[in-house]
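Below you'll find the structure, written out as structure tokens, and then a few comments.
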Amino acid sequence: MNKILLPKYIYFNEKFEQDYGIAVKENQIVAVAPANEVVSKFPDFIQKEYHDTVFVPGTVNTHNHSFQSLLRGIAIDQPFLKWRDNSLYKYSPKMRLEDIYNGALFAYAEMMKCGVTSVCDFFYLHNYGTESDEAVIQAAKDVGIRLVLARTMYDWDGAPTGYLETIDEAVNNTRQLALKYENNSMVTVIPAPHSLHGASPKMIQAGHKLALEMGTKFHMHVAEETFEVDATLEKHDKRTVEFLDELGVVDSSLVITHGVWLEDNEVKLLGDNHASLNYCPSSNMFLADGITNIPRMVNNDINISLGSDGACGNNRISVFEEMRMTALLQKAITRDALCVKCKQAFDMGTKNGGKQLDLNVGEIKEGQLADFVGIDLNNFSMNPLSDNLEQMLPNIVYSLQPDAISTVIIDGETTVEDGELVKVSEAAVLSKVKDTMEYFETIN
């Protein structure tokens with residue numbers, strides 16, 4: 001459907017413009033201009049007003065594990081490896097296909113209500129082969145969220161057997177799914193070697209080769225915990241990024257997640273080769289990983305986007321929350337109030353994320369896909385607001401609460417209206433979560 005959206009304010013060209021309109025043809029923005037100009041240019045488009053609302057680009061969650069939403073609150077306040085064994089490794093291998101779907105439906109529905117319009121799901125439950133992946137993809141379709149499935153390549157024999165594939169299986173299954181969805185604007189499939197401890201060197205090289213073949217990026221966990229750094233030093237006499245470079249995979253297709261324990265030379269190596277970072281500040285805090293040095297990353301021209309990580313290691317899945325955490329945590333550790341400003345944090349959660357996932361999203365401008373978040377200006381968390389709008393962006397980054405999000409539009413379709421999900425009911429989502437929880441109670 002072709003439409004003109006008429007909110008009170010639009011974030012356009014890094015400013016908040018009043019009485020502007022957005023013309024959307026099918027799923028793409030075809031004009032952003034003063035409302036009278038847009039209406040005059042597209043007289044046949046349906047018009048919809050959004051009173052006392054500001055429209056901003058949809059946020060982009062570049063690192064999540066959807067199934068982990070079902071494990072939130074389990075094995076909390078534990079060291080990383082105990083948390084992993086008592087939550088992920090205990091329950092995920094026994095998840096049925098319907099549990100995988102239920103977890104994804106739950107995760108996507110919750111994050112959408114928090115303003116996420118695109119998500120990268122780093123997914124490694126291969127218990128049912130590509131049926132597992134299809135369950136996640138179906139959940140994304142049912143909620144209406146834009147999905148990048150980072151299909152994880154995992155062959156470490158210390159992991160549950162349901163995670164594991166041979167190199168040939170991982171490559172073939174990932175390629176098969178990617179080809180199936182290559183012309184789908186709502187679903188993209190990319191390779192994701194799990195990490196230096198979860199994937200063998202040959203598996204990592206295979207993931208990199210597949211990314212080059214498909215013209216995509218590949219994602220992997222890098223230097224999240226000190227144990228990975230220590231193990232790499234012990235086995236290969238190199239730090240993590242140094243060893244990845246020796247494998248020949250450090251280039252513009254590499255997107256590392258976390259990057260907490262990196263030395264200056266490793267960050268420079270990433271920057272010189274145009275690699276990128278998925279930053280997950282809340283997860284790093286919750287799991288006591290440490291603090292990634294974001295100013296150092298910025299100084300090396302590394303593109304930084306924001307991820308929530310899984311909801312059992314955060315425990316929230318809002319990118320607006322990660323914007324706030326990014327700025328506050330970096331200010332605290334550096335004691336420099338200017339080290340990450342609110343505009344930088346906002347860009348990390350929007351247009352940087354679009355760039356990270358090779359999606360035409362993250363800004364409101366002609367030619368972009370029509371993904372927006374409408375925020376209620378009458379919500380307490382968006383006030384006070386002076387006529388010069390000085391507080392608008394700071395309020396969005398530092399004080400916004402989820403109940404201020406009144407509208408979400410993805411691919412030109414409304415998926416949240418008046419704060420409520422459109423394509424699926426909350427009651428239906430919670431009923432499915434309850435079904436899985438009852439099943440979990442049977443697992444000793």
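Counting from 1, one number per residue, gives the positions in the sequence shown under full-length UniProt numbering.
Quick reminder that beta carbons are idealized off the backbone N, C-alpha and C, glycines included.
Taking Cβ to Cβ, would you say S185 is nearer than 8 angstroms to D19?
-> no
Report the residue from N273, Q138, M382, K48 whose alpha carbon sits nearest the alpha carbon of M1.
-> K48
Residues that C339 bridges to, as DSSP identifies them = Answer by DSSP bridge pairing: none, since C339 is not bridged.
May I ask you to list the residues that DSSP assigns as paired with M153?
-> P193
Anticipated Cβ contact below 8 angstroms, K8 with V54, distance rounded = 7 angstroms
Who does K3 pair with in a DSSP beta bridge?
-> V24, I46
CB of V267 within 8 angstroms of CB of R296, strictly = yes
Taking the alpha carbon of C312 as the point to measure from, which residue in E213, L70, H258, E37 has its own alpha carbon closest?
-> L70
Ignoring anything shorter than 4 residues or poking outside the stretch 339 to 380, list the alpha helix (DSSP H) runs there in chain order.
-> 342 to 349, 351 to 356
Would you tell me roughly how many angstroms separate the C-alpha atoms of H219 and V119, rounded to the nearest one?
-> 13 angstroms
In this structure, does DSSP put M95 in helix, strand or coil?
-> coil
Report all residues from its chain with a CB closer than 8 angstroms to the CB of K94; omit the five preceding and five following residues, and keep chain order.
-> I443
Local Cβ density within 10 Å of residue 527, reported as buried at 16 or more and exposed below that = Coverage of the chain is limited to positions 1 through 444, which leaves residue 527 absent and any answer about it impossible.
N-terminal and C-terminal residue of the beta strand (DSSP E) that E417 is part of = 413 to 417
Could you tell me the distance, in whole angstroms, from the CA atom of Q401 to the CA atom of L385?
-> 15 angstroms
In whole angstroms, what is the alpha-carbon distance linking C114 and I317?
-> 8 angstroms
Please look up how many angstroms separate the CB atoms of V260 and E224, rounded, as I've assumed it's under 8 angstroms.
-> 6 angstroms
Rounded C-beta distance between I302 and A275? I'm assuming under 8 angstroms.
-> 7 angstroms
What are the boundary residues of the alpha helix (DSSP H) that N61 is part of?
-> Counting along the chain, N61 falls outside any alpha helix (DSSP H), though it belongs to the beta strand (DSSP E) covering 59 to 64.
For E37, does the three-state DSSP call read helix, strand or coil?
-> helix
Exposed or buried, P57, counting other C-beta atoms within 10 Å across all chains shown (16 or more means buried)?
-> buried
Excluding five sequence neighbours on each side, which residues of the same chain lie with their C-beta closer than 8 angstroms to the C-beta of E426?
-> A109, E420
Determine the DSSP secondary structure at M186, reduced to helix, strand or coil.
-> coil
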